[in-house]
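Residue numbers (this note's numbering), protein chains in the order written: chain A, 726 to 927; chain B, 726 to 927.
Number of protein chains: 2
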Amino acid sequence: MAQSKRAATMEANRARLIAAARAAFAEHGFAAASMDDLTAAVRLTRGALYHSFGDKRGLLAAVVAQIDGEMAQRAQAAAEAAGGGWPGLLAEGRAYIRMALDPEIRRIVLLDGPAFLGDPSQWPSQNACLEVTQRTVARLIADGVLKPVDIEAAARLLNGAALNAALWVASSQAPEVVLPKAVEAFECLSEGLLARPAPATS
Amino acid sequence: MAQSKRAATMEANRARLIAAARAAFAEHGFAAASMDDLTAAVRLTRGALYHSFGDKRGLLAAVVAQIDGEMAQRAQAAAEAAGGGWPGLLAEGRAYIRMALDPEIRRIVLLDGPAFLGDPSQWPSQNACLEVTQRTVARLIADGVLKPVDIEAAARLLNGAALNAALWVASSQAPEVVLPKAVEAFECLSEGLLARPAPATS
DNA sequence: GAGATTGACATACGGAGCGTATGCGAGATG
DNA sequence: CATCTCGCATACGCTCCGTATGTCAATCTC
Numbered sequence: 726m727a728q729s730k731r732a733a734t735m736e737a738n739r740a741r742l743i744a745a746a747r748a749a750f751a752e753h754g755f756a757a758a759s760m761d762d763l764t765a766a767v768r769l770t771r772g773a774l775y776h777s778f779g780d781k782r783g784l785l786a787a788v789v790a791q792i793d794g795e796m797a798q799r800a801q802a803a804a805e806a807a808g809g810g811w812p813g814l815l816a817e818g819r820a821y822i823r824m825a826l827d828p829e830i831r832r833i834v835l836l837d838g839p840a841f842l843g844d845p846s847q848w849p850s851q852n853a854c855l856e857v858t859q860r861t862v863a864r865l866i867a868d869g870v871l872k873p874v875d876i877e878a879a880a881r882l883l884n885g886a887a888l889n890a891a892l893w894v895a896s897s898q899a900p901e902v903v904l905p906k907a908v909e910a911f912e913c914l915s916e917g918l919l920a921r922p923a924p925a926t927s
Numbered sequence: 726m727a728q729s730k731r732a733a734t735m736e737a738n739r740a741r742l743i744a745a746a747r748a749a750f751a752e753h754g755f756a757a758a759s760m761d762d763l764t765a766a767v768r769l770t771r772g773a774l775y776h777s778f779g780d781k782r783g784l785l786a787a788v789v790a791q792i793d794g795e796m797a798q799r800a801q802a803a804a805e806a807a808g809g810g811w812p813g814l815l816a817e818g819r820a821y822i823r824m825a826l827d828p829e830i831r832r833i834v835l836l837d838g839p840a841f842l843g844d845p846s847q848w849p850s851q852n853a854c855l856e857v858t859q860r861t862v863a864r865l866i867a868d869g870v871l872k873p874v875d876i877e878a879a880a881r882l883l884n885g886a887a888l889n890a891a892l893w894v895a896s897s898q899a900p901e902v903v904l905p906k907a908v909e910a911f912e913c914l915s916e917g918l919l920a921r922p923a924p925a926t927s
């Protein structure tokens, strides 16, 4: 079944290393995380790590790809729960802001990822998150809901705004007070993309 | 005048170290930059560095503070050149996007800064850049040009959007093609903050 | 089914880098 | 002129990464 016992246990060990890396990178940051400690935590050595991932950055890439996939899934679920369309795009933004409040996501994907792997759009994982937003924007433009701006540009700026909103909320002393402000401002900005702006709601 | 010869030369050496660090961090990134090489480049040793800046992060903080100040100055100049007001805010955003195309600024302030020093709003330099944008937004809200959103929220999201726009442009193969798209999308988003939206321009 | 082979992983080694403790010599102080 | 200050250099230990080599079980070959 599992394509020989060797390959199966190797896959299991890969998964264990990635799980350990998620914890270590989230706690200490990529630069300060020790590969010796990380591997020892799952009863392995650096030998296993270099065999499976090439080097330290390779492990980070694998971790980022995994988390990025989970984020894209969550964002899409939020958009669908809101019924898609324009409310879906707003829901996606809110979901993104809330996800970025997770210390693991913030530290690994949003801070260390760009710093050590370069621009997200050129990651091997292809940034699933960004693609979800792009698809949503593309559909809304086709439906005439949004102005015909460049799709990738709009998706990137929305994600960037959400990211900074989240960094702000996360570093504030009273996140529960700041979060609604961030969400409101994000929705205001998003409305700038609407073809026929809605009347002010406040 | 110069408060004793010792203090004067010390200030000069601080400046030389910061200048060398700007070059080294921009070229190799903060993590990969060697303090030995960096100090040797200006005929000093790590002894001088630890005496003046405490540790490696202290040097990064000093470098970031210097660049951040220059950025704030440039952004403000751009806003004033555009005559202030709403056009000034747009000009500020454009200036910010263009500045982020500078490899030194992108690498040090936008990537390594947040990764190694934490959230920009809590940097010792207090993020002069962000404050300039906040002042502009505050005035525009007081004048009724913008919706009464939270000032810090708006400033942060605008800066975040501009940052991601710049990262995108910088990593693209044809920056001169992508830049106008990024600027256009940025201006669209900004219009979401307007109290009375302007008619579509395209 | 026994020897040969592959491969996943451990062990050992070398090099580089950071932070600190200590030493030194030029300028400040009286 | 003697003493002190302090900015900076030197020397040391520690940690960490990447690689080269060894090892043993799982698979393959005949």
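Heads up, the beta-carbon is just placed ideally off N, CA and C, and yes, glycines get one too.
**OP:** Grab me the residues of Ala816/B's own chain with a C-beta within less than 8 Å of its C-beta, minus the 5 sequence neighbours each way, in chain order.
**Re:** Ala803, Ala804, Ala806 and Ala807
**OP:** Kindly indicate the opening and closing residues of the alpha helix (DSSP H) around Arg832/B.
**Re:** Unbroken run through Arg832/B: none, as it is neither H nor E.
**OP:** Rounded to whole angstroms, what's the CA-CA distance from Asp793/A to Pro828/A? Just pull it up for me.
**Re:** 14 Å
**OP:** Take Thr861/B as the anchor and find which of Ala879/B, Ile822/B, Ala787/B and Arg768/B has the nearest alpha-carbon.
**Re:** Ala879/B
**OP:** With 7 Å as the threshold, decide whether the Cβ of Pro812/A is near any Cβ in chain B.
**Re:** no
**OP:** Mind checking who Leu882/A pairs with in its DSSP beta bridge?
**Re:** Paired residue(s): none; Leu882/A is not in a bridge.
**OP:** Only counting runs of 4 or more residues, tell me where the alpha helix (DSSP H) segments fall wholly within the region 887 to 916 of chain A, in order along the chain.
**Re:** 900 to 916
Original post:
Hey, would you say Val934/A sits closer than 7 Å to Ile743/A, going by beta carbons?
Top reply: Here chain A has residues from 726 to 927 only, and residue 934/A is not among them.
**OP:** In the DSSP assignment, find the alpha helix (DSSP H) that holds Ala863/B and state where it starts and stops.
**Re:** Ala853 to Ala867
Original post:
Hey, how far is the Cα of Leu882/A from the Cα of Gly885/B?
Top reply: 8 Å
Original post:
Can the beta-carbon of Val857/B be found less than 7 Å from the beta-carbon of Gln801/B?
Top reply: yes
Subject >> C-alpha distance - Leu763/B paired with Phe755/B, whole-angstrom precision >> reply: 11 Å
Subject >> Where the alpha helix (DSSP H) containing Trp848/A begins and where it ends >> reply: From DSSP, Trp848/A is part of no alpha helix (DSSP H); its letter is neither H nor E.
**OP:** Answer yes or no: does any C-beta atom of chain B fall closer than 7 Å to that of Met726/A?
**Re:** Bear in mind that the predicted position of Met726/A carries a pLDDT of just 46, short of 50, making it unreliable; the figure below should be weighed with that in mind. By this cut-off, Met726/A is not an interface position.
Original post:
Count the other CB atoms within 10 Å of the CB of Ala895/B; is the residue buried (16 or more) or exposed (fewer)?
Top reply: buried
Original post:
What residues in the region 729 to 751 of chain B have a beta carbon less than 9 Å from any beta carbon of chain A?
Top reply: none
Original post:
Among the residues of its own chain, which have a CB less than 8 Å from the CB of Arg831/B, if the five just before and after it don't count?
Top reply: Ala825, Ala891, Leu892 and Ala895
Original post:
Helix, strand or coil: how does DSSP classify Leu871/B here?
Top reply: strand
**OP:** May I ask you to list the residues that DSSP assigns as paired with Leu919/B?
**Re:** Leu871/B
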